[in-house]
Amino acid sequence: MESERGRSLASRISDVKALVKQAAEQAGFDLSGIAPAADTPDLEHFPAWIAAGHAGEMKYMEARDDQGSLKRASLSRVAPWARSVIVCAINYNTDKPYSTAVHDSDRGWISRYAWGREDYHDAVLRRLKRVEDSLRNEMPAELQATLTTRSYVDTGPVVERVFAKYSGVGWIGKNTCLINQKKGSWLFLGVILTSLELEPDLPAPDRCGSCTRCIEACPTDAILAPYQLDSNKCISYLTIEKRGSIPEDLRAGMGRHVFGCDICQDVCPWNRKAPASTAPEFEPRPGLVNPALAWLAEISVEEFRETFRESPIRRTKRTGLRRNAAIAMGNSANPEFLPLLDKLATDEDDSVAESASWAKARLGG
Ligand code: B12
Ligand code: SF4
Ligand code: SF4
Numbered sequence: 020m021e022s023e024r025g026r027s028l029a030s031r032i033s034d035v036k037a038l039v040k041q042a043a044e045q046a047g048f049d050l051s052g053i054a055p056a057a058d059t060p061d062l063e064h065f066p067a068w069i070a071a072g073h074a075g076e077m078k079y080m081e082a083r084d085d086q087g088s089l090k091r092a093s094l095s096r097v098a099p100w101a102r103s104v105i106v107c108a109i110n111y112n113t114d115k116p117y118s119t120a121v122h123d124s125d126r127g128w129i130s131r132y133a134w135g136r137e138d139y140h141d142a143v144l145r146r147l148k149r150v151e152d153s154l155r156n157e158m159p160a161e162l163q164a165t166l167t168t169r170s171y172v173d174t175g176p177v178v179e180r181v182f183a184k185y186s187g188v189g190w191i192g193k194n195t196c197l198i199n200q201k202k203g204s205w206l207f208l209g210v211i212l213t214s215l216e217l218e219p220d221l222p223a224p225d226r227c228g229s230c231t232r233c234i235e236a237c238p239t240d241a242i243l244a245p246y247q248l249d250s251n252k253c254i255s256y257l258t259i260e261k262r263g264s265i266p267e268d269l270r271a272g273m274g275r276h277v278f279g280c281d282i283c284q285d286v287c288p289w290n291r292k293a294p295a296s297t298a299p300e301f302e303p304r305p306g307l308v309n310p311a312l313a314w315l316a317e318i319s320v321e322e323f324r325e326t327f328r329e330s331p332i333r334r335t336k337r338t339g340l341r342r343n344a345a346i347a348m349g350n351s352a353n354p355e356f357l358p359l360l361d362k363l364a365t366d367e368d369d370s371v372a373e374s375a376s377w378a379k380a381r382l383g384g
């Protein structure tokens, strides 16, 4: 009798796995999978990455528990109750050309993840909550009583790509991005930690092979070796996360990037046939794909607040965006920016003024 009950519970849990996948699809995710909430060899690289200083000024990456161990290096430190990780991924690709494909020197480059109307954190979390709700509402009552779940998009102490790999959603490429064989790497990830012991999917095999395009294409040599990225050199970090001045030796390599960078994904052969997203939130907003640099450099406090109210671009703040626009003007080879840079060189914001002086000198002004 006891084993009969046990078997029935096991089969119910396997039904829950099917339920999860169905709920993820209904919530609008393109891919989903289940990973064990276990420590894996990939996570062993994390402490070395932190110790090498590759997180730069992103101090939240270094959060530690009471014993002084890095929280992100093991789920057992932050969620000892977790048994499985439900990984969901949504495509944010659009049919617009690469951000760097515009040759108009007046315009800057914003990476494609930030072209949409809504911040992806909100768009993905809302969908994860729907999956969580489906789990709660539709799973057998005896499982519900002990169910614990927690959803994260970026902000939790979880190295999401590692769990995405072990959930079969994709492999971690040499550019460190999570790539799916059919959808490419223009994917946002979200994870639901759960106390349910669900049968894991198989990890996705690495399909990078002998390719090294991303490493060669990176303008600032931020990919130190396959699978190893130094944030301090990455344009995405410099334009979004770095506060104050950007080191001078990296500015020329930034080109006209003003927010994020897509180059190591643009060159990836697995993105050649990447489909466009159907999620309305990620539809490009007019003006954001290749914004006018002069507009960004002179944007007022009110216009910044209004324009980027729900956009991930908020994160760099008005100061960061104007600083980035000044550097991009310096890299534009367009002397028409000189009068504007003259004005910006006396800006009340130090990092904007200093970047504008650098840009003037670079344009020969
Ligand atoms: C911090 C962070 C950044 C930092 C650092 C990036 C990085 N590579 O770590 C910066 C600001 C640079 C950044 C940039 C971008 N990010 Co980001 N970022 C994060 C965040 C919050 C944490 C990542 C992390 O834990 N890094 C720690 C390092 C150690 O992890 P890792 O590089 O992935 O390393 C793994 C392997 O490479 C390998 N490894 C590491 N060292 C070594 C050494 C050896 C010898 C070997 C063999 C392997 C190996 O094991 C590691 C795991 O331990 C995640 C969200 C999350 N909570 O996970 C989003 C996240 C990774 N970012 C995301 C995105 C979209 C981007 C950008 C594309 C945005 C843009 N267009 O500008 C770029 C991509 C740049 C790139 N090539 O990675 C997505 C990625 C989706 C995807 N398909 O991969 C995520 C998952 C956010 C999300 N929820 O969707 N990001
Ligand atoms: S996002 Fe840009 S700067 Fe960062 S590793 Fe990729 S190509 Fe290099
Ligand atoms: S460009 Fe090549 S090496 Fe880099 S992630 Fe794509 S397949 Fe892998």
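Here this note's numbering is used: the first residue of the sequence shown is 20, the next is one more, and so on. Using N, Cα and C, we set each Cβ at its ideal position, and we do this for glycine too.
- Shown here, PRO238 sits in coil according to DSSP, grouped into three states, outside any helix or strand.
- Out of LYS336, GLY209, SER103 and TYR256, the CA that lies nearest to the CA of ASP141 is found in GLY209.
- Around the beta carbon of GLU63, fewer than 16 other beta carbons sit within 10 angstroms, so the residue counts as exposed.
- The region 245 to 265 makes contact with the region 59 to 73; the number of CB pairs closer than 8 Å reaches 3 or more.
- The way I'd put it, the region 228 to 241 does touch the region 253 to 261; three or more beta-carbon pairs between them come closer than 8 Å.
- Judged by DSSP in its simplified three-state form, ALA345 adopts helix.
- Between ligand 2 and the CB of CYS237, the shortest heavy atom gap is smaller than 7 Å.
- Given a length threshold of 4 residues, each whole run of the alpha helix (DSSP H) inside the region 105 to 188 is given here in chain order: 139 to 157, 160 to 163 and 179 to 185.
- By the rule of a C-beta closer than 5 Å to any heavy atom of ligand 3, the residues picked out are GLY192, LYS193, ASN194, CYS227, CYS230, ARG232, CYS233 and CYS287.
- For ALA67, the uninterrupted alpha helix (DSSP H) segment begins and ends at 64 to 70.
- A heavy atom of ligand 2 is found nearer than 7 Å to the CB of LEU248.
- DSSP, read as helix, strand or coil, puts ALA372 in helix.
- Distance between ILE346 and SER374, taken at the CA atoms: about 6 Å.
- Going by beta carbons, TYR117 and PRO331 fall outside the 8 Å limit.
- Between ALA82 and LYS90, the CB-CB gap stays under 8 Å.
- According to the DSSP secondary-structure assignment, ARG83 is paired through a beta bridge with LEU89.
- By the Cβ rule, the region 271 to 282 does not count as touching the region 219 to 226, because fewer than three pairs are nearer than 8 Å.
- DSSP places GLN200 outside both helix and strand once states are collapsed to three, so it counts as coil.
- Less than 8 Å separates the beta-carbon of SER124 from that of SER351.
- When C-beta atoms of the region 173 to 191 are compared with those of the region 67 to 74, fewer than three pairs fall below 8 Å, so the two segments do not count as touching.
- ALA56 is the residue among TYR185, ALA56 and GLU317 whose C-alpha sits nearest the C-alpha of ARG169.
- With distances taken between CA atoms, GLU76 lies nearest to SER264 out of SER264, GLY384, LEU197 and TRP314.
- Residue pairing by DSSP places GLN247 opposite ALA244 in a beta bridge.
- In the three-state reduction of the DSSP assignment, PHE207 falls in the strand class, which pools E and B.
- Contact between the region 140 to 154 and the region 276 to 293 is absent: fewer than three C-beta pairs spanning the two stretches fall below 8 Å.
- Residue nearest to ALA311 within the set GLN45, LEU340 and PRO294 is LEU340 (criterion: CA-CA distance).
- Remark: C-beta atoms of ILE129 and VAL308 approach each other more closely than 8 Å.
- In the DSSP assignment, SER51 falls within the unbroken beta strand (DSSP E) covering 50 to 55.
- Not one heavy atom of ligand 1 falls within 7 Å of the beta-carbon of ARG169.
- Here LEU269 has THR239, LYS252 and LEU257 as same chain residues with Cβ atoms under 7 Å from its own Cβ, once five neighbours each way along the sequence are excluded.
- When Cβ pairs closer than 8 Å are counted between the two stretches, the region 183 to 201 is seen to touch the region 225 to 235, the count reaching three or more.
- DSSP places PHE323 outside any beta strand (DSSP E); the residue lies instead in the alpha helix (DSSP H), whose first and last residues are 320 to 326.
- As a beta-bridge residue in DSSP terms, THR213 pairs with SER103 and THR168.
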